Amino acid sequence: MLRIAHRGASSEAPENTLAAIRRAIELGAPWVEVDVQACADGLVVIHDETLERTTNGHGPVADQPLAALRALDAGHGERIPLPREVLDLCRGRCGVNLELKGPGVAPLLLPLLREALAGGWSSRDLLASSFDWTQLATLRTTLPQLPLGVLTEQVNEQACSVARAVQASVIGCALEYADAAAVAAAHDAGCALWVYTVNHPQDLARLAALGVDAVFSDSPAAAQL
Ligand code: G3P
Ligand code: MG
198 MLRIAHRGAS SEAPENTLAA IRRAIELGAP WVEVDVQACA DGLVVIHDET
248 LERTTNGHGP VADQPLAALR ALDAGHGERI PLPREVLDLC RGRCGVNLEL
298 KGPGVAPLLL PLLREALAGG WSSRDLLASS FDWTQLATLR TTLPQLPLGV
348 LTEQVNEQAC SVARAVQASV IGCALEYADA AAVAAAHDAG CALWVYTVNH
398 PQDLARLAAL GVDAVFSDSP AAAQL
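Here is the structure:
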């Protein structure tokens, strides 16, 4: 199974920071996953809609200008990264899964994704994913070569049908719904099944036996089987 460092090596460094990504690379994670949100005038790498949990800022991310967000502490003196910084850091070192987390990310992310594909990123090392399937459709319309991941809790008929429609290469589902039927349904839809968030050895062993293709783990070292 492929190991994906969830929000970087988020058990060892502040989540969704360049420090967490550096640590994931040090630990040998072949892929990292980060979350992308729109702010008032650009895109930033952060999970929550609001700043309180992971930074020393306050209020909704969407309301704040980039300059103000970049002045915040995202933990241990780290800045909130830009998606471009993540790609620059990971290029040639590990794959990158950019999760489109809030509304309005797809149109803003398109230029960077277009540039990445033109610069040699491919399904070997790039995936754009989202629970918001309309944003995946937007990306697919403009970028036929972009590797896409359909995020869902359960691998149900609707998720599989969207995966087929947008020609996704990955379906991501929640650990509690990852079973043999989910693996079969994802594979029938032409997708790999990636499972979030997997931090315990007994879950890893179960998923490996099921034929799950990848796991998102906060601790990529612990996810090494
Ligand atoms: O992409 C898998 C996983 O990251 C989805 O959940 O909330 O951790 O972004 P979340
Ligand atoms: Mg995520």
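Plus 197 on top of the position in the sequence shown (first one is 1) and you've got our numbering.
The C-beta atom is built at its ideal place from N, Cα and C for all residues, glycine as well.
In this text the structure is predicted, and so the values were computed from the model without any measurement.
- DSSP links LEU323 through a beta bridge to VAL293.
- Annotation for ALA235: the continuous beta strand (DSSP E) segment containing it runs 228-236.
- For VAL367, the enclosing beta strand (DSSP E) begins and ends at 367-371.
- For ligand 1, a non-hydrogen atom lies closer than 7 Å to the CB of ASP232.
- The residue among ALA406, LEU372, VAL352 and ASP376 with its C-alpha nearest the C-alpha of CYS388 is VAL352.
- DSSP links ILE201 through a beta bridge to TRP228 and PHE413.
- One Cα belongs to VAL347, the other to HIS255, and the distance between them is close to 31 Å.
- Membership of VAL242 in the beta strand (DSSP E) is indicated by the continuous run 239-242.
- For the pair HIS273 and ALA216, the CB atoms are nearer than the 8 Å cut-off.
- In terms of Cα proximity to VAL233, the closest of TYR374, PRO278 and GLU249 is PRO278.
- Excluding sequence positions up to five before and after LEU224, its CB lies within less than 7 Å of the CB of ALA206, PRO417 and ALA418, all in the same chain and listed in chain order.
- In this structure, ligand 2 has no non-hydrogen atom nearer than 7 Å to the beta-carbon of GLU373.
- Under the three-state reduction of DSSP output, ALA389 falls in the strand class.
- Within the stretch 262-317, the runs of beta strand (DSSP E) at least 3 residues long that lie entirely inside it are, in chain order, 292-297.
- Annotated three-state conformation of VAL352 is coil, per DSSP.
- Under DSSP, GLY256 takes part in no beta bridge, so it has no partner.
- Looking only at ALA235, VAL241, ASP270 and ALA237, the smallest Cα-Cα distance to ARG250 is reached by ASP270.
- In this structure, SER358 sits away from HIS203, with a CB-CB distance that is not shorter than 8 Å.
- Here THR214 is buried. Its C-beta has 16 or more other C-beta atoms within 10 Å.
- At least one heavy atom of ligand 1 sits closer than 7 Å to the Cβ of GLU296.
- Annotated three-state conformation of VAL347 is strand, per DSSP.
- Rounded to whole angstroms, the separation of the alpha carbons of LEU345 and SER319 is 11 Å.
- In the DSSP assignment, THR247 forms a beta bridge with PRO257.
- Here the alpha carbon of LEU286 sits roughly 8 Å from the alpha carbon of ARG219.
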